[in-house]
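Here is the structure we will look at, set down as structure tokens.
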Amino acid sequence: MSNNTFVYVTYIRTTPEELWEALTDAEFNRQFFLCSYQESEWKVGSSWKLIFPDGSIADSGEILEIDPPRRLVIKWRNEWMPEIKEDGYTRCTFAIEQDGDLMKLAVTHEADGPHRLIGNVAKGWPLVLASLKSLLETGKGFERPPSKG
């Protein structure tokens, strides 16, 4: 990780279609995204929002690229932390490749220059993506972050 790029790669025993649905369906999102969910029409140029369980907007942006079930690129800006929101937009790319009976999911979250959101996503994506993997492989995602004690 640098101060402008975070990359996370995981392998999930699932199908490309099921992984795509998990990434783009609001009800599926709630099961692994720590009760948050994404809202979009999932077309190039459509708005995109990540919504907290209480209905407030965590992040917003726009769909830049979409190629189901292989690639999704979102223009992404934090909405709930003013000091990070002022840094502007980042890009988040989800790339899915089949590797035998596994799906390789690479998530790249990047900015054009130094951006405070990258440090935050470096803490958040590993937990969210572990929850996604758990959901798809066992039927149960994480309800909340594990306690640190």
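So the number in the numbering used here is just where the residue sits in the sequence shown, counting from 1, plus 124. Built from N, CA and C at the ideal position, the CB exists for glycine as well. Note that this is a predicted model, so its numbers are computed, not measured.
query, result
"Alpha-carbon spacing of G243 relative to G224, whole angstroms", "33 Å"
"Through-space distance from E141 to R195, alpha-carbon basis", "12 Å"
"Buried versus exposed, by CB contacts within 10 Å (16 or more), G265", "buried"
"From V245, Y135, S255 and L241, residue whose alpha carbon lies closest to that of A219", "Y135"
"Segment contact flag, the segment 154–161 with the segment 197–212, C-beta cutoff 8 Å, min 3 pairs", "no"
"Stretch-stretch touch, CB-based, cutoff 8 Å, three pairs: the segment 164–173 with the segment 183–193", "yes"
"Own chain, CB closer than 6 Å to F130, minus 5 neighbours either side, in chain order", "H233, I242, V245 and A246"
"Short Cβ contact (8 Å threshold) for L260 with L143", "yes"
"Cβ-Cβ distance between I198 and K167 below 8 Å", "no"
"Euclidean distance between Cα positions of T138 and E221", "11 Å"
"H239 versus R201, L253 and E165, residue with shortest Cα-Cα distance", "R201"
"When L253, D211 and G263 are compared against V133, the one with the closest alpha-carbon", "L253"
"Runs of beta strand (DSSP E) wholly within the segment 154–183 (minimum 3 residues, chain order)", "161–164 and 171–175"
"P255 versus N128, E210, N127 and L147, residue with shortest Cα-Cα distance", "Inspection of the sequence shows that residue 255 is occupied by Ser rather than by Pro. For the residues N128, E210, N127 and L147, the minimum Cα distance to S255 belongs to L147."
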